[in-house]
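Number of protein chains: 2
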Amino acid sequence: MTFFSSRWVPRPAHVQERTKGLPGGFRAAGVACGIKPDGARDLGLLVCDAPDAVSAARYTRSGVLAAPVIVSRDRCDGEHLRAVVANSGNANAVTGSEGIDAVTATQLATERLTAIASDQVAVGSTGVIGVQLPVDRIVSGLEVAHAELRADGEADFAEAIRTTDVSAKQASLTVTLPSGEVRLSAQAKGAGMISPNYATMLCFVQTDAVLDAETADLLLGVTVRRSFDRISVDGQLSTNDTVILIASGASGVVVAPESDDELALGEALDALLRQLALMIVHDGEGARRIGRVVVQGEDPERVERAARAIANSPLVKAALHGGDPNWGRIAQALGGALTDHAPLVFDVAIEGVQVCSAGEPLRFDASALEQAVQVDEVEYHVALAGEGAETEVFFSDLSHEYVTINADYTT
Amino acid sequence: MTFFSSRWVPRPAHVQERTKGLPGGFRAAGVACGIKPDGARDLGLLVCDAPDAVSAARYTRSGVLAAPVIVSRDRCDGEHLRAVVANSGNANAVTGSEGIDAVTATQLATERLTAIASDQVAVGSTGVIGVQLPVDRIVSGLEVAHAELRADGEADFAEAIRTTDVSAKQASLTVTLPSGEVRLSAQAKGAGMISPNYATMLCFVQTDAVLDAETADLLLGVTVRRSFDRISVDGQLSTNDTVILIASGASGVVVAPESDDELALGEALDALLRQLALMIVHDGEGARRIGRVVVQGEDPERVERAARAIANSPLVKAALHGGDPNWGRIAQALGGALTDHAPLVFDVAIEGVQVCSAGEPLRFDASALEQAVQVDEVEYHVALAGEGAETEVFFSDLSHEYVTINADYTT
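Quick mapping for you: the protein sequence lines, in order, are chains A and B.
Every position in the first sequence, counted from 1, becomes a number in this note's numbering once 10 is added.
Every position in the second sequence, counted from 1, becomes a number in this note's numbering once 10 is added.
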């Protein structure tokens with residue numbers, strides 16, 4: 011039971027980990043349909059058997075939208091999604107009308123198999139951009155997946171949506187609400203092309219709580235902003251990012267708007283998504299360490315810009331990787347981000363050790379600090395002038411493995 | 011004679027390379043003063059013996075300015091600089107008032123040795139940020155450097171300003187203007203922390219042409235915008251970037267404003283700075299290949315944003331490194347940069363092979379294209395909708411060596 015492994019995500023007292031199993035009303039499967047050349051699982055199917063399920067979703071804000079994002083976002087009934095088809099190995103992005111047709115064919119095939127209306131079938135894809143999806147393999151694969159649907163199929167499903175992920179990312183939780191016990195599960199993928207913006211990967215969340223569509227949307231929106239919006243592996247926004255929450259209502263436990271139940275479920279969802287987000291950053295295509303930078307100041311826009319610049323700086327990331335407390339890199343990234351207000355006055359602390367105050371270097375025990383950063387999770391605090399705004403970004407380091415993985419991806 | 015080695019910078023017919031030697035009126039030296047722990051040269055001194063020399067300069071626009079930038083930009087007579095002191099191994103950035111005092115002490119020591127007024131002494135520094143400069147070593151080193159000043163000391167000077175540069179970057183040229191022959195030389199450093207913004211490294215340029223200050227400023231401004239402003243190694247803007255042009259007038263050849271001489275000198279300076287800029291990108295902390303991305307469209311701001319996003323994308327850079335013509339990375343970077351106009355319509359060509367038209371993938375000979383990108387310099391063309399705006403950015407790839415160099419820089 012080690013899902014909540016980060017120093018930054020304590021397990022809420024009312025949340026217990028389960029070894030496996032989807033919430034009531036859900037079944038899932040993951041199969042190999044032949045997109046990945048190595049024969050690994052590459053097609054996941056998730057269905058909700060409750061006809062009155064409600065859902066909420068968040069998508070990438072990239073200017074280049076993959077076909078499955080266009081269709082799922084614009085042509086589906088976003089409040090009543092009941093199935094998810096997700097493939098890895100091909101993003102179905104920049105594929106024009108043929109790509110759109112492939113998504114539609116996938117939805118129709120799912121409708122034939124499951125009797126779930128095609129506009130309640132969301133599609134997610136991840137993998138190489140600019141190559142047409144082999145839709146025949148998807149359609150054939152869906153038959154196999156449909157036959158394998160199981161109430162504990164979430165591990166296979168999570169496996170099927172991996173690309174460069176070192177490990178599958180998923181959890182099954184029991185959440186004790188004031189009004190009763192509900193279950194919550196999620197499967198995520200993501201390792202590169204992750205920027206702190208909206209839903210920057212694929213993540214599918216299920217609960218058997220009874221939610222109305224507005225509550226589902228509110229809970230997902232708030233928790234995505236605190237999790238997947240706050241991570242960066244490489245500052246790159248994907249064409250395919252998708253997060254979908256489906257509530258089956260099978261538990262019969264009603265989570266009313268603005269109730270203590272809503273608050274408690276929100277806390278559980280928050281912890282779940284933040285831990286999944288951190289697993290993505292930890293995975294981070296070869297990452298050894300991850301960092302958390304907290305920036306405080308007066309203007310929220312400047313604070314956000316500074317935090318992202320630090321988190322996305324390859325120099326900061328490389329220093330994190332090397333266990334090098336080179337805070338000059340933080341100063342450099344800050345100056346590059348905030349070019350309009352020279353000279354900047356700022357404080358920097360690493361792992362609680364103040365290294366720079368009001369733009370001047372402080373004396374500190376360099377070897378002690380170097381020891382302190384030889385950990386998996388390193389904290390940076392930056393204070394700009396003024397008060398009232400604060401943000402955080404979690405980021406991976408820049409490793410040799412990142413280069414190896416990304417230098418030769420299509421070939 | 012291989013200075014003009016890039017496909018993108020043909021040698022102008024009126025420009026000849028020289029093996030060595032500064033233009034008339036200049037002397038330079040480079041010595042080891044003890045900043046670099048390995049005893050390598052780390053202090054350069056350049057002087058112009060002409061009392062009526064004119065100069066022009068460009069500095070970083072980072073919000074965090076190094077002490078030498080603050081002093082050289084704000085407290086010197088920028089039109090009449092006659093000496094440059096440049097050190098490597100320490101950036102003297104984020105060093106507060108002690109850092110400013112170190113620059114002033116450096117200027118005064120130079121004035122004592124050379125009789126050049128301290129406000130005509132520019133100072134440049136490069137190296138680690140946030141560590142106080144050992145100013146005593148600089149002052150002692152200046153005495154040695156002063157004694158070694160030579161008319162062909164530019165190679166030692168160029169050597170002294172290197173940090174992680176694989177090789178020193180400098181050239182000496184003879185330029186045949188309509189009104190006579192002048193000489194032009196430059197020494198540059200830069201390998202990382204290079205972003206396409208103003209003068210993103212150190213570069214010192216000398217000519218013996220007779221220029222007025224306005225012409226010097228115009229020529230430097232235009233050519234910096236076409237060279238150092240258009241390169242990116244890692245998208246990181248330095249705290250220390252400095253470009254200084256000094257004209258001694260020793261040739262007696264007058265370059266009048268808006269004359270053919272001005273045009274011809276401008277062409278030579280343009281080629282010189284573009285080639286030096288490309289050498290910085292080629293050096294690029296372990297770079298194997300460099301890319302040039304040309305983006306066309308309607309809106310200059312969007313065209314610029316797209317070109318920089320592509321040039322700075324670690325995914326695009328890693329694919330360049332791997333010799334992988336994965337144009338999906340270009341599409342992804344484009345979408346991440348231009349989030350406000352979905353859906354984007356665009357064409358992509360790599361090495362003249364059209365791979366994407368109006369957002370749809372084209373059939374092309376993948377193995378031929380893969381062969382075509384196994385070269386040192388790779389061209390990418392992106393066309394957004396509309397016409398009238400075009401820009402280019404030169405960028406290095408993302409290599410294992412970049413990680414190695416930057417993971418363990420201070421320690």
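Yeah, the Cβ is synthetic: ideal placement off N, Cα and C, and Gly gets one too.
Only a predicted model underlies this, so the values are computations on that prediction, with no experimental measurement involved.
Between G151(A) and L53(A), the alpha-carbon positions lie close to 7 Å from each other.
Against I139(B), the close residues of chain A are G338, A341, Q342, in the order they occur along the chain (beta-carbon pairs closer than 7 Å). Three or more Cβ pairs closer than 8 Å define a contact, and the segment 224-233 of chain B falls short of that threshold against the segment 290-305 of chain B.
Between Q381(B) and T29(A), the alpha-carbon positions lie close to 49 Å from each other. Between the segment 358-376 of chain A and the segment 112-131 of chain B, the count of Cβ pairs shorter than 8 Å is below three; the stretches do not touch. Here D386(A) is exposed: its Cβ has fewer than 16 other Cβ atoms, across all protein chains shown, within 10 Å. The beta carbon of V313(B) does not come within 8 Å of any beta carbon belonging to chain A, so the residue lies off that interface. DSSP places D357(B) within a strand segment (E or B) once states are collapsed to three.
Under the Cβ criterion of 8 Å, R71(B) is counted among the residues facing chain A.
Cα atoms of A317(B) and R240(B): separation of roughly 10 Å, rounded to the nearest angstrom. Scanning E169(B), G259(B), V25(B) for the CA closest to the CA of C58(B) turns up G259(B). Of the candidates A368(B), A287(B), V234(B), N97(B), N97(B) places its Cα closest to the Cα of R51(B).
Buried is the label assigned to A281(B), since at least 16 other Cβ atoms lie within 10 Å of its Cβ. Between L55(A) and H156(A) a beta carbon distance of about 6 Å is seen, short of the 8 Å cut, so the two are scored as contacting. Bounds of the alpha helix (DSSP H) holding V291(B) are 270-293.
The DSSP-derived three-state label of L91(B) is coil. I80(B): member of the alpha helix (DSSP H) spanning 77-84, first to last residue. The segment 80-91 of chain A and the segment 190-202 of chain A do not touch, with fewer than 3 CB-CB distances between them shorter than 8 Å.
Between the C-alpha atoms of D271(B) and R236(B) there is a straight-line separation of about 20 Å. Listed in chain order, the positions of the segment 365-395 of chain B with a beta carbon within less than 7 Å of a beta carbon of chain A are C366, G369, E370, P371, E380.
Interface residue (Cβ-Cβ distance to chain A less than 8 Å): V113(B) is not classified as such. Looking at the backbone, the Cα of Q342(A) and that of I320(A) are separated by about 9 Å. Here DSSP, grouped into helix, strand and coil, assigns P324(B) to helix. At a cut-off of 8 Å between beta carbons, H410(A) contacts chain B.
When DSSP states are grouped into helix, strand and coil, H391(B) belongs to the strand group. Proximity to S15(A) across M289(A), E314(A), A399(A), Q197(A) peaks at M289(A), based on C-alpha coordinates. Nearest CB-CB separation between G345(B) and chain A: below the 8 Å threshold. Annotation for I256(B): the continuous beta strand (DSSP E) segment containing it runs 252-257.
Here the C-alpha atom of S367(A) lies approximately 19 Å from the C-alpha atom of G346(A).
Within the segment 161-176 of chain B, contact with chain A at the beta-carbon level (separation under 7 Å) is assigned to no residue. By DSSP's assignment, T401(A) forms a beta bridge with V305(A). D350(A) reaches chain B at G73, counting residues in chain order whose Cβ is nearer than 8 Å. Interface flag for V133(A) against chain B is unset, since no Cβ pair is found closer than 8 Å.
Taking CB atoms only, P47(B) has no neighbour in chain A less than 8 Å away. Inter-segment contact for the segment 106-117 of chain B and the segment 132-143 of chain B is present: three or more beta-carbon pairs are separated by less than 8 Å. T12(A) counts as exposed, since fewer than 16 other C-beta atoms from the protein chains shown sit within 10 angstroms of its C-beta.
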